[in-house]
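So the sequences go chain by chain: A and B. Under the working numbering, the first residue of the first sequence is numbered 2, with each subsequent residue one higher. Under the working numbering, the first residue of the second sequence is numbered 95, with each subsequent residue one higher.
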Amino acid sequence: DTGVSQDPRHKITKRGQNVTFRCDPISEHNRLYWYRQTLGQGPEFLTYFQNEAQLEKSRLLSDRFSAERPKGSFSTLEIQRTEQGDSAMYLCASSLGNYVEETQYFGPGTRLLVL
Amino acid sequence: GESVGLHLPTLSVQEGDNSIINCAYSNSASDYFIWYKQESGKGPQFIIDIRSNMDKRQGQRVTVLLNKTVKHLSLQIAATQPGDSAVYFCAENFGNEKLTFGTGTRLTIIP
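Rendered as structure tokens:
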């Protein structure tokens, strides 16, 4: 399967713990996006990368959240000192990043439950 | 603020009938619109897209219509099948950056 992959698919953690999620984009895609989706809502933008550069961060991304894409390939999203309000599905998407082909393709998501 | 919204949260359609899912957007500067399908426990799956310089685009069993005058987007699914049951989101994009999603419409196909 050459689509976007995410790991882990599910994570249960206790409040106050740190968690890290990984996303592997489609191999030739330059852009990588993180979104968060809560039950019954559409995905909300968190941040995105053009190669290794983080170009935009949403106000939803508090200081406890950090994302990296060190070599312009896979990306990690870390949440420090998790809170119950962080419980959500975290989605990763990738795109070629040019005007001709803008389509963002999503991975299966990581479902986080903070107890 | 800018938003993408949907007229109906749920839609039930008889198998074999056509379905129409509607979406309103408020940002007249948006230049790219996408429809995604999301099944339970899965990530959004791309269905079809359309640019603001087009009014209509067709895919396999799906058609997207864009009315820029009233800022309205619709997704038509022909001859619906049980596998079409899912939540459908429209999303807008301007400047080739982040997507802004609506809350979605749940489509249920009645056998």
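The beta carbon of each residue, even a glycine, is placed where N, CA and C say it ideally should be. The structure presented is a predicted model; accordingly, all values stated were derived computationally and were not measured.
Three-state secondary structure assigned by DSSP to residue i
i                : result
GLN170 (chain B) : strand
GLN175 (chain B) : coil
GLN105 (chain A) : coil
HIS101 (chain B) : Because HIS101 (chain B) carries a pLDDT of 48, less than 50, the predicted location of this residue cannot be relied on, and no value is offered for it.
GLY95 (chain B)  : Because the pLDDT of GLY95 (chain B) is 37, which lies under 50, any placement of that residue in the model is unreliable, and the number read from its coordinates should be weighed accordingly. If DSSP states are grouped into helix, strand and coil, GLY95 (chain B) belongs with coil.
GLN55 (chain A)  : strand
GLN85 (chain A)  : helix
GLU1 (chain A)   : Summary: the structure shown does not reach residue 1 (chain A), with chain A confined to residues 2 through 116, and so no result is reported for it.
ARG16 (chain A)  : coil
ASP125 (chain B) : coil
LYS150 (chain B) : strand
THR3 (chain A)   : coil
ILE114 (chain B) : strand
ILE142 (chain B) : strand
Beta-carbon proximity check, residue i vs residue j, cutoff 7 Å
i                : j                : result
THR21 (chain A)  : GLU79 (chain A)  : yes
LYS136 (chain B) : PRO71 (chain A)  : no
GLY98 (chain A)  : ARG16 (chain A)  : no
PHE195 (chain B) : GLY43 (chain A)  : yes
ASP25 (chain A)  : PHE75 (chain A)  : yes
GLU191 (chain B) : PHE127 (chain B) : no
SER88 (chain A)  : LEU61 (chain A)  : no
ILE203 (chain B) : SER179 (chain B) : yes
GLN38 (chain A)  : MET90 (chain A)  : yes
SER67 (chain A)  : PHE46 (chain A)  : no
THR157 (chain B) : GLN170 (chain B) : yes
THR104 (chain A) : PHE140 (chain B) : yes
Own chain partners of residue i with C-beta closer than 6 Å, once the 5 adjacent residues on each side are dropped
i                : result
GLY198 (chain B) : VAL181, PHE183
ASP8 (chain A)   : ARG23
Cβ neighbour criterion (16 or more within 10 Å) applied to residue i
i                : result
SER134 (chain B) : exposed
THR104 (chain B) : exposed
LYS131 (chain B) : buried
LEU116 (chain A) : exposed
PRO138 (chain B) : buried
ARG95 (chain A)  : First, the residue type needs correcting, since residue 95 (chain A) is Ser and not Arg in the sequence shown. By the 10 Å Cβ count, SER95 (chain A) comes out buried.
GLY95 (chain B)  : Any answer about GLY95 (chain B) is weak, because its pLDDT of 37 lies below 50 and its placement is not dependable; what the coordinates show is given next. Exposed.
ARG145 (chain B) : exposed
ASP143 (chain B) : buried
SER97 (chain B)  : Note that SER97 (chain B) scores 48 on pLDDT, short of 50, meaning its location in the model is unreliable; the coordinates nonetheless yield the value given after this. SER97 (chain B) comes out exposed.
SER63 (chain A)  : exposed
Cutoff 8 Å; reference residue i; Cβ partners in own chain excluding five residues on either side
i               : result
LEU56 (chain A) : TYR49, PHE50
ARG10 (chain A) : PRO109, GLY110, THR111, ARG112
THR3 (chain A)  : ILE27, SER28
Sequence-distant residues of the same chain with beta carbon closer than 7 Å to residue i, five excluded per side
i                : result
ALA172 (chain B) : ASN112, ARG155
ARG65 (chain A)  : ILE80, GLN81, ARG82
GLU53 (chain A)  : ARG70, PRO71, LYS72, GLY73
Under 8 Å by beta carbon: chain C residues contacting residue i
i               : result
LEU92 (chain A) : In the structure shown, chain C does not exist; the protein chains are A and B.
- Query: Do three or more CB pairs link the stretch 116–125 of chain B to the stretch 161–169 of chain B at distances below 8 Å?
  - Reply: Verdict: yes, contact present.
- Task: Could you say if the stretch 121–129 of chain B and the stretch 102–111 of chain B meet the contact criterion of at least three C-beta pairs nearer than 8 Å?
- Result: no
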